[in-house]
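K.L.:
In terms of the UniProt record's numbering, the sequence shown has 17 at position 17, counting the first letter as 1, and numbering is strictly consecutive. C-beta: ideal position from N, C-alpha, C; glycine also. Computed from a predicted structure; not experimentally measured.
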Amino acid sequence: MVKWVNWILLASVTTPALAQAQLDLTKLDRDMNGPRAQVLVLGTVHLNSMPASFKPASLDGVLDKLAKFKPEIITIETESGEECDMAARHVARYGADYCASVEVARLATGLDAPAAMLEANKMLKAWPTQATAAQRRRLAALFMASYDMASAYVQWLQLPETERRAGDGLNEALVEKLIQTSKSNNENYQIAARLAARLGLQRVYAVDNHTGDRIDVPDIKAFVRAIENAWAAGSTLLKEWEKREAELSGATDLLPLYRYISEPEGLRIYAEANVVPAMRAKSPEAYPQMWVAGWEIRNMRMVANIRETFRERPGARVLSVVGLSHKPWFDSWLGQMQGVDIVNAADVLK
1 MVKWVNWILL
11 ASVTTPALAQ
21 AQLDLTKLDR
31 DMNGPRAQVL
41 VLGTVHLNSM
51 PASFKPASLD
61 GVLDKLAKFK
71 PEIITIETES
81 GEECDMAARH
91 VARYGADYCA
101 SVEVARLATG
111 LDAPAAMLEA
121 NKMLKAWPTQ
131 ATAAQRRRLA
141 ALFMASYDMA
151 SAYVQWLQLP
161 ETERRAGDGL
171 NEALVEKLIQ
181 TSKSNNENYQ
191 IAARLAARLG
201 LQRVYAVDNH
211 TGDRIDVPDI
221 KAFVRAIENA
231 WAAGSTLLKE
241 WEKREAELSG
251 ATDLLPLYRY
261 ISEPEGLRIY
271 AEANVVPAMR
281 AKSPEAYPQM
291 WVAGWEIRNM
301 RMVANIRETF
311 RERPGARVLS
321 VVGLSHKPWF
331 DSWLGQMQGV
341 DIVNAADVLK
C-alpha cells in the first residue's frame, strides 16, 4: 500500500513536467504540405528621432536589399482602421486622440471609416492588372477615410507625377496631406510604403495594438516614474550600444546602421534592457511588472495581427517593419507558428 501511494505521489509530481518537456509545438508542421511562409522582421529605428540631416534617399540601400527579398505582404507599426474606429466609439476608455482624425477624408468621400474600409476592400478584390489614375486616387481617398494613411501613400506613389492631383474623392486638403506625408520622417512611409509602391503592391497592413497595454492605475505619474527608474538602473550596456547607433545614424547611407541594429548581440541588449530591470525592480504597487505584462500583451496582439495578414496565403513572403525593440518578440513568437520560417534580417541586409 505504501509503495502504491508513493508511486501516485511521484507520478503527480513528474508527469506534468514530463508532458511539457515532450510537447514541442514547433514540430507539428514537420510533414506539412505546400510551401512555408517566409517572414522577415526588420527592426528599425524610429525615423522621427533621426538627426536633422536625415534624407529619405539615405534609405535607398536598405530598400534595395529588402526589394530582393520580394515581400508580398508588408506590415507596419500603427493601429488598424478597425482599432481606430473601435477606440473612437469608446472615448472614455481610450481617449479622444487615440488615432489621428479622419474627418477631412470622411467629408471628402462621404463615408465613415467602416463604410470606407468596406468600399476599399471591394475595390481591391476587383483590382485590375493596370489600374487607372482615377482608381488609384479613389482608393487613396478611401484609405485615408479608413485611418490608413500609409496605404493611401502607396497609391499616391504609384500615380504618375502629372496625375498626383485632386479628383475621384481626393480633394485639395487630402492632396496636401499626401504631399506632407512624403516629407514625414516615419518608417511607415519612407520604408514600408515606398517599398510597397516599388514592388507594385497596393497597400501595407497596420498591425500595432494598444488595447491591452493601457495600464489602469490610480497614479499614472508614479507608474511612469517607477518604469523610468527601473530602466535607468539597467541601461549601461544599452547606452554603450546606442553610441555606435547614433554615429551611424548621421550617415548618408543608412544600410550600415540597419546591419548594425540587426546583429543578435544588439537585439539581446535591447530585449534585456526593456524587461530585466523592470522585472527585478522593487515597487510596492508592482508597477514595473505591470508594464512588462502590457508590453507582452501588445506584442502578442501585434504578432497575431501579422499572422492574420497571411492566414489565407500559406507560403507568403512577409516583411514586418517595426520598432527595433519589438523584433526579438516578433522573431520568437512568429517562429513558433505552424508553417512559418523566420528569415534572418542580417543575411538579407548583407
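For V62, list the residues DSSP reports as bridge partners.
P.N.:
Here residue 62 is taken as the residue at index 62 of the sequence shown, counted from 1. The partner list for V62 (beta bridge, DSSP) is empty, contrary to what the question assumes.
K.L.:
Report all residues from its chain with a CB closer than 7 Å to the CB of G335; omit the five preceding and five following residues, and keep chain order.
P.N.:
Residue 335 sits at position 335 when you count from the first residue of the sequence shown. Contacts found: I342.
K.L.:
DSSP has L170 in a bridge; who is on the other side?
P.N.:
Along the sequence shown, one-based indexing puts residue 170 at 170. According to DSSP, which records beta bridges pairwise, L170 is partnered with G167.
K.L.:
Roughly how many angstroms lie between the CA atoms of L124 and A100, to the nearest whole one?
P.N.:
Translated into the one-based positions of the sequence shown, residue 124 becomes position 124. Translated into the one-based positions of the sequence shown, residue 100 becomes position 100. Roughly 24 Å between the two C-alpha positions.
K.L.:
Run through DSSP, which three-state label would L23 get?
P.N.:
In the sequence shown, residue 23 corresponds to position 23, counting from 1. Correct three-state label for L23: coil.
K.L.:
Helix, strand or coil, according to DSSP, for Y147 in the structure here?
P.N.:
Numbered from its first residue, the sequence shown carries residue 147 at position 147. Reduced to three states, the DSSP call for Y147 is coil.
K.L.:
Curious, which full-length alpha helix (DSSP H) runs of at least 4 residues does the segment 78 to 160 contain?
P.N.:
Fully enclosed alpha helix (DSSP H) runs of 4 or longer: 81 to 88, 91 to 94, 103 to 109, 113 to 125, 133 to 145 and 149 to 157.
K.L.:
Which residues does DSSP list as the beta-bridge partners of R317?
P.N.:
The residue labelled residue 317 in the question sits at position 317 within the sequence shown. DSSP, once it has assigned bridges, lists Q38 as partnering R317.
K.L.:
Nearest CA to the CA of V62: which residue from D253, N305 and T236?
P.N.:
By one-based count along the sequence shown, residue 62 stands at place 62. Ranking D253, N305 and T236 by Cα distance to V62 puts D253 first.
K.L.:
Quick one, which of T211, F330 and P314 has its alpha-carbon nearest N33's?
P.N.:
Along the sequence shown, one-based indexing puts residue 33 at 33. The residue with the shortest Cα to Cα distance from N33 is P314.
K.L.:
In chain order, what residues of the same chain have a beta carbon less than 7 Å from the beta carbon of A193, not counting five sequence neighbours either side?
P.N.:
Here residue 193 refers to the residue found at position 193 of the sequence shown. A150, Y153, V154, L157 and V204, listed in sequence order.
K.L.:
Nearest-angstrom Cα distance between L9 and L23?
P.N.:
As a working mapping, residue 9 is identified with position 9 in the sequence shown. As a working mapping, residue 23 is identified with position 23 in the sequence shown. With a pLDDT of 49 at L9, under the threshold of 50, the predicted position of this residue should be treated as unreliable, though the coordinate-derived value follows. Cα to Cα, the separation comes out at about 22 Å.
K.L.:
Is it the case that the Cβ atoms of A316 and A67 are separated by a distance below 8 Å?
P.N.:
Sequence index remark: in the sequence shown, residue 316 carries index 316 (1-based). Sequence index remark: in the sequence shown, residue 67 carries index 67 (1-based). Against a cut-off of 8 Å, the Cβ pair of A67 and A316 comes out as no contact.
K.L.:
Would you grab the beta carbon distance between residue 362 and G167 for me? Rounded to a whole angstrom, and I think it's under 8 Å.
P.N.:
Here the chain has residues from 1 to 350 only, and residue 362 is not among them.
K.L.:
In terms of residues, what are the limits of the beta strand (DSSP E) holding Y205?
P.N.:
The residue given as residue 205 occupies position 205 in the sequence shown. Start and end: Y205 to D208.
K.L.:
Return the CA-CA distance between L238 and A230, expressed in angstroms with no decimal places.
P.N.:
Translated into positions along the sequence shown, residue 238 becomes position 238. Translated into positions along the sequence shown, residue 230 becomes position 230. Going from the Cα of L238 to the Cα of A230 covers about 13 Å.
K.L.:
How would you label H119, buried or exposed, when you count the other beta carbons within 10 angstroms and need 16 or more for buried?
P.N.:
For the purposes of this step, residue 119 is taken as the residue at position 119 of the sequence shown. With the sequence shown as reference, residue 119 is identified as Glu, and His is not the correct amino acid for it. So E119 ends up on the buried side.
K.L.:
Kindly list the residues whose CB is nearer than 8 Å to the CB of L349, restricted to its own chain and excluding five residues on each side of it in sequence; keep chain order.
P.N.:
Mapped onto the sequence shown, residue 349 falls at position 349. So the qualifying residues of the chain are V62, K65, L255, Y258, R259 and S262.
K.L.:
Please confirm whether S146 and A113 have their CB atoms less than 8 Å apart.
P.N.:
To locate residue 146, count along the sequence shown from 1; it is residue 146. To locate residue 113, count along the sequence shown from 1; it is residue 113. Closer than 8 Å, so yes.
K.L.:
Around the C-beta of T132, are 16 or more other C-beta atoms found within 10 angstroms, so that it is buried, or is it exposed?
P.N.:
In the sequence shown, the residue the question calls residue 132 occupies position 132. Classification for T132: exposed.
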